[in-house]
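A.B. asks: Here you go, one structure.
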Amino acid sequence: MSTARKQVEAAIIQIIADAEAQGVDGVLAAHRAFPGTPDTVLWGCWSQWDGERTEAWWQTVERSIDGEIIRNAVVAAHKDGGGA
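One rule links them: number in our numbering = place in the sequence shown (from 1) + 263.
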């Protein structure tokens, strides 16, 4: 993929992210900001943005679960006499 394409996608994704953060349809905002851009390009950029958001959510969930498992293990070890 060319650098120019990556830059254009990044600009579109930023418009989508900003719009969605304000409760506005991101693809519609990108369509208005970049008239004439094919829908497949806009939706592809939306998909990238959504994928990044989904990955961030999963990472948060996994960290929360890992943290909870560690806390439970420490509490269990303490209850079993492993604490000081």
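Even for Gly, the Cβ is constructed at its ideal location relative to N, Cα and C.
Buried or exposed: which applies to ILE328, given that a residue is buried once 16 or more other Cβ atoms fall within 10 Å of its Cβ?
C.D. replies: exposed
A.B. asks: Does the beta-carbon of TRP312 have 16 or more other beta-carbons within 10 angstroms, so that it is buried, or is it exposed?
C.D. replies: buried
A.B. asks: The alpha helix (DSSP H) that contains THR317, what's its start and end?
C.D. replies: 302 to 340
A.B. asks: Could you spell out where the alpha helix (DSSP H) holding ASP281 opens and where it closes?
C.D. replies: 266 to 284
A.B. asks: Who are the Cβ neighbours of LYS269 in its own chain at under 7 Å, not counting the five residues just before and after it?
C.D. replies: The beta carbon of LYS269 sits closer than 7 Å to no other beta carbon from its chain once the five residues preceding and following it are set aside.
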